[in-house]
Amino acid sequence: MLQDIGLVILIVIFLAVVFFFLKKKFAITKTNDSGQMLQDMTDLAMQGKLDKVVGVEDVVQRLLHVLARKQKNNPLLLGEPGVGKTAVIEGLAQMIVDKEVPKQFLNKKIFSLNLAEVMSGTRYRGELEARLRQLLVDLEKNPRQNILFIDEIHMLEQARGSEGSLDIADILKPALARGDLNVIGATTWREYEKYIKLDTALDRRFQPILIHEPSRENAVEILRGVKSEYENFHGVCLPQESIEAAVDQSIKYVKDRFLPDKAFDLIDEACAKVSLETVPAKNAAYLGVVHAASKKVKDICKTDAPRVEVKDITDVIKEWKGDDKT
195 MLQDIGLVIL
205 IVIFLAVVFF
215 FLKKKFAITK
225 TNDSGQMLQD
235 MTDLAMQGKL
245 DKVVGVEDVV
255 QRLLHVLARK
265 QKNNPLLLGE
275 PGVGKTAVIE
285 GLAQMIVDKE
295 VPKQFLNKKI
305 FSLNLAEVMS
315 GTRYRGELEA
325 RLRQLLVDLE
335 KNPRQNILFI
345 DEIHMLEQAR
355 GSEGSLDIAD
365 ILKPALARGD
375 LNVIGATTWR
385 EYEKYIKLDT
395 ALDRRFQPIL
405 IHEPSRENAV
415 EILRGVKSEY
425 ENFHGVCLPQ
435 ESIEAAVDQS
445 IKYVKDRFLP
455 DKAFDLIDEA
465 CAKVSLETVP
475 AKNAAYLGVV
485 HAASKKVKDI
495 CKTDAPRVEV
505 KDITDVIKEW
515 KGDDKT
């Protein structure tokens, strides 16, 4: 009798342990999958973790017009790398949080899909397909309240060519057809012509929105709008002439990239260069003090903060080119 009771107790303990580990494994898998595959852009905007966005207001308005349509309400942003496609989405997320959008958009959330994470699970394709389908089901539970942003969306079609690959495009098409989930795609015109346009079932669900490289004047205005972000981070002053030099020299010498991205990189590195050269070599911790102090100053150029001169912009260009012929 006692032996039977002991056996029952052992079985119960064994089942409890198995249940505990299975539950724990399931919970971790579920949490990690969602966290790695999706990023809540509106939540990042609410936390102040998105960079300030300037000069995308017109494109955001066009984006809202398409999203508000009854049919074909999925925008497809087309533009060269670096012209600001992702910045448009970040700008929209910030406008939603700041309540600067029409009332039908006030409660919407924008989720960015990590395609690299989705497509990296080459070992368990069936499991990944199930996760993605469930992800779409979850997003559709609040009809027209969630927006899914897919950068480099041409990768959906690109994956079709590999044997045994997960055909994400075919999983996505029914959701696009139902219309309960808005999807914003982003890619270059070249990749669109090569991949998306050839799949008519996918292409007809999207409304293309062209994003052009800004003019020299517009690029200067975009950089002026965010200059305080760089000044406060690096603890330096970024005068107007240096901003114009960054745009002009990036146009002249960086031919394989596009505005405003290449000008952003140029001023960022020039600011970092000046900031680091100002810090005493024996006390690198001083840099943190400079950053902390600069964030409390409304106009850092009215202080004795080091200035980023045109020469500093030129020096960075020389380093990029690897010569002294600039």
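In this text, residue positions in the sequence shown follow our numbering: the first is 195, and each later residue adds one.
Heads up, the beta-carbon is just placed ideally off N, CA and C, and yes, glycines get one too.
Sorted by chain position, which residues of the same chain lie with C-beta nearer than 6 angstroms to residue i's C-beta, five sequence neighbours on each side aside?
i           : result
residue 444 : 456, 457 and 460
residue 246 : 420 and 423
residue 430 : 465, 468, 469, 499, 500 and 502
residue 385 : 348
What's the gap between the Cα of residue i and the Cα of residue j?
i           : j           : result
residue 462 : residue 393 : 40 angstroms
residue 381 : residue 408 : 17 angstroms
residue 344 : residue 294 : 23 angstroms
residue 254 : residue 268 : 13 angstroms
residue 367 : residue 515 : 45 angstroms
residue 352 : residue 299 : 32 angstroms
residue 265 : residue 387 : 23 angstroms
residue 372 : residue 301 : 20 angstroms
residue 472 : residue 290 : 40 angstroms
residue 395 : residue 252 : 29 angstroms
residue 513 : residue 262 : 47 angstroms
residue 508 : residue 449 : 16 angstroms
residue 346 : residue 378 : 11 angstroms
Quick check: residue i and residue j, are their CB atoms within less than 8 angstroms of each other?
i           : j           : result
residue 428 : residue 389 : no
residue 240 : residue 329 : no
residue 350 : residue 362 : yes
residue 335 : residue 236 : no
residue 405 : residue 270 : no
residue 338 : residue 374 : yes
residue 401 : residue 308 : no
residue 511 : residue 447 : yes
residue 272 : residue 305 : no
For residue i, which residues of its own chain have a beta-carbon under 7 angstroms away from its beta-carbon, when the five flanking residues on both sides are left out?
i           : result
residue 432 : 421, 424, 425, 461, 465 and 502
residue 452 : 274, 275, 276, 277 and 407
residue 435 : 504
residue 281 : 247 and 250
residue 391 : 397
residue 412 : 249
residue 383 : 272
Buried or exposed: which applies to residue i, given that a residue is buried once 16 or more other Cβ atoms fall within 10 Å of its Cβ?
i           : result
residue 288 : buried
residue 296 : exposed
residue 185 : For the chain, the structure presents residues 195 to 520; residue 185 sits outside this window and is missing.
residue 279 : buried
residue 399 : buried
residue 376 : buried
residue 242 : exposed
residue 292 : exposed
Enumerate in chain order the residues of its own chain whose CB-to-CB distance from residue i is below 8 angstroms, with the five nearest sequence positions on each side excluded.
i           : result
residue 417 : 437, 440, 441, 454, 457, 458 and 461
residue 414 : 437, 438 and 441
residue 365 : 323, 326, 327 and 330
residue 244 : 235, 238, 284, 287 and 288
residue 506 : 436, 464, 467 and 468
(message) Would you call the segment 250-260 in contact with the segment 319-339, where contact means no fewer than 3 C-beta pairs closer than 8 angstroms?
(response) no
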